[in-house]
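Residue numbers (my numbering), protein chains in the order written: chain A, 5 to 125; chain B, 5 to 125. Heads up, the beta-carbon is just placed ideally off N, CA and C, and yes, glycines get one too.
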DNA sequence: TTAACTACTAACAAAAAAGTAAGTATGCGG
DNA sequence: CCGCATACTTACTTTTTTGTTAGTAGTTAA
């Protein structure tokens with residue numbers, strides 16, 4: 005289901021992505037599952053099933069969708085092997101690898117703040 | 005409207021926030037408007053109306069809601085002055101200030117990636 | 001034939017985020 | 001009285017994100 009164009013919502017999003025580097029960055033790496041997926045792929049290239057098994061709580065639907073977005077945004081390469089049963093591998097592109105520093109620092113900051121205070125919402 | 009408890013959605017969110025520092029960090033600083041608000045407050049403490057005027061496209065509703073969340077999460081101090089007309093000031097706490105480095109690096113990475121590639125979604 | 005493997009797709013439903021519009025409160029001034 | 005200033009609150013509505021469920025495809029083995 006495509007996002008509706010020409011809504012205020014859509015226009016505001018586009019403007020924020022255009023004008024704020026953070027909002028843009030988070031549109032690439034943010035969300036419930038992407039950080040975890042990116043961290044997994046930092047370790048090693050992985051197959052769909054490996055990712056599915058290693059990320060607790062994620063559904064097939066969400067895994068596929070997030071991988072597709074990461075691929076579309078150029079962070080991930082998806083390689084289909086001509087085999088049966090199907091074999092598909094996902095690995096980070098250079099762009100994907102460039103998230104490493106940011107992800108680690110976000111993680112560090114998050115872990116620090118999490119032990120300092122409470123999450124109230 | 006409180007978030008629904010005991011849904012898979014809610015449980016997965018709580019787990020990700022608990023187990024992934026990035027997801028936790030982004031729950032504090034992520035979203036359409038928070039990064040921009042945080043950057044504004046990095047410059048100087050500001051009043052509600054100043055923020056409203058300086059952030060293009062944000063509604064009063066969204067500004068209030070985001071400020072409330074930032075306050076609840078300990079990133080922002082809200083000071084009410086005993087005046088008429090009402091005067092309320094918002095400024096970053098130490099915790100809020102600690103986001104500066106991360107925000108600047110996210111911004112830098114985002115701006116770099118934005119000029120390198122296209123946003124496909 | 002069924003069952004298994006892998007990696008999805010499609011069609012919804014539920015939940016959350018964001019947006020719209022109207023209204024409130026307290027003084028002050030004309 | 002009305003209009004103004006400031007900073008919200010309230011009750012919805014719209015849009016997006018996330019989750020659920022059933023199904024698909026191609027081979028292989030029992």
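*Are residue 92(B) and residue 65(B) close, meaning C-beta to C-beta below 8 Å?*
no
*Going by the beta-carbon positions, is the gap between residue 29(B) and residue 110(A) smaller than 8 Å?*
yes
*Nearest chain B C-beta to residue 100(A) closer than 8 Å, yes or no?*
no
_Strand pairing of residue 81(B), partner residues [DSSP]_ = 95(B)
*asked:* So for residue 51(B), helix, strand or coil by DSSP?
replied: strand
*State the DSSP-derived secondary structure class of residue 33(B), mapped to helix, strand or coil.*
helix
*Give a yes or no on whether 8 Å exceeds the smallest Cβ distance from residue 97(A) to chain B.*
no
*Closer than 7 Å: is that where the CB of residue 27(A) sits relative to any heavy atom of the ligand SAH?*
In the structure on display, the ligand SAH does not appear, and there are no ligands present to speak of.
*For residue 86(B), which three-state DSSP category applies?*
coil
*Quick one: what does DSSP say residue 62(A) is sitting in, helix, strand or coil?*
coil
*State the Cα-Cα distance for the pair residue 108(B) and residue 33(A), rounded to the nearest angstrom.*
16 Å
*asked:* Quick check on the burial criterion: 16 or more other C-beta atoms within 10 angstroms. Buried or exposed for residue 40(A)?
replied: buried
*Can you tell which of 53(B), 42(B), 73(B) and 79(B) has the C-alpha that lies nearest to the C-alpha of residue 89(B)?*
53(B)
_residue 113(A) versus residue 25(B): straight-line alpha-carbon distance, rounded_ = 7 Å
*chain B contacts made by the region 52–63 of chain A, where a contact means CB separation under 9 Å*: 60, 61, 62 and 63
*From 97(A), 58(A) and 86(A), pick the residue whose C-alpha is nearest to that of residue 74(A); which is it?*
97(A)
*Determine, using beta carbons only, whether residue 31(A) and residue 15(A) come nearer to each other than 8 Å.*
no
_Cβ-Cβ separation, residue 94(A) to residue 42(A) (assumed contact under 8 Å), whole Å_ = Actually they are not in contact, since the Cβ atoms of residue 42(A) and residue 94(A) sit about 11 Å apart, beyond 8 Å.
*asked:* Counting only Cβ pairs nearer than 8 Å, list the residues of chain B close to residue 36(A).
replied: 16, 17, 20 and 27
_Any C-beta of chain B under 8 Å from that of residue 83(A)_ = no
*How many whole angstroms separate the CB atoms of residue 71(A) and residue 80(A), which I take to be in contact at a CB cut-off of 8 Å?*
6 Å
_Between the CA atoms of residue 119(B) and residue 57(A) - distance to the nearest angstrom_ = 35 Å
_Nearest candidate by alpha-carbon position, reference residue 83(A), set 49(A), 62(A) and 35(A)_ = 49(A)
*In angstroms, rounded to a whole number, what distance separates the CA positions of residue 11(A) and residue 61(B)?*
12 Å
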